[in-house]
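Residue numbers (this note's numbering): 13 to 190.
Glycine included, C-beta positions come from ideal geometry on N, C-alpha and C.
In this text the structure is predicted, and so the values were computed from the model without any measurement.
What follows is the structure in structure tokens.
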């Protein structure tokens, strides 16, 4: 589309003027068509730009939503990790305290081999140290049965009998129905 047109002054002769007027009318019609074509192209380009802009906004919103969900998931995982790390640290401290306690008991037993057996802690009593409620007693009992049951590879009938005796005694002390 060439939009440059040379200006031609109007002739003074009537016949030439009529010819000039017709040429100018054709030029104006061509300019009008070119203008309409250009306007249509601009309108289509503007519509395409609006569609692309809307699509981009939808994609940005989708990406922001996805990132927010990922952040929430990460935060949740981080909290679980922190919680589990704290539990692990607490369990480690508890284990160290129990280890120190059992070391002292073992040392005491080694230093006093002839001490009264009634004063010594039986193996079964050690299994139930820290149990303070009926629920925890029953849970510990079930866990111990799973571990030491004679049908297991490393099961032990003698240990199960000791565990059963201690469990019965603790049930009586706590007034728990077996």
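Within a Cβ cutoff of 8 Å, which residues of the same chain sit near residue i, ignoring the five residues on either side of it in sequence?
i, result
"residue 28", "none"
With 16 other CB atoms within 10 Å as the buried threshold, where does residue i fall?
i, result
"residue 108", "exposed"
"residue 156", "buried"
"residue 113", "exposed"
"residue 86", "exposed"
"residue 120", "exposed"
Kindly indicate the opening and closing residues of the alpha helix (DSSP H) around residue i.
i, result
"residue 157", "146-160"
"residue 46", "26-123"
"residue 141", "Run containing residue 141: none; DSSP gives neither H nor E here."
"residue 173", "169-186"
If you drop the 5 nearest sequence neighbours on each side, which residues of the same chain put their C-beta closer than 6 Å to that of residue i?
i, result
"residue 124", "none"
"residue 143", "149, 152"
Rounded to a whole number of angstroms, what is the C-alpha to C-alpha distance between residue i and residue j?
i, j, result
"residue 74", "residue 67", "10 Å"
"residue 70", "residue 147", "54 Å"
"residue 185", "residue 178", "10 Å"
"residue 171", "residue 154", "14 Å"
"residue 22", "residue 36", "10 Å"
"residue 25", "residue 47", "32 Å"
"residue 225", "residue 84", "Because the chain spans 13 through 190 in this model, residue 225 falls outside it and cannot be assessed."
"residue 105", "residue 72", "49 Å"
"residue 182", "residue 138", "12 Å"
"residue 164", "residue 100", "28 Å"
"residue 76", "residue 82", "10 Å"
"residue 53", "residue 33", "30 Å"
"residue 40", "residue 60", "30 Å"
Quick one: what's got a C-beta closer than 7 Å to residue i's C-beta in the same chain, skipping five residues either side?
i, result
"residue 169", "162"
"residue 160", "167, 168, 171, 172, 175"
Do residue i and the ligand ADP come close, with the Cβ less than 7 Å from some heavy atom?
i, result
"residue 161", "As far as ligands go, the structure on display features none, and thus does not contain the ligand ADP."
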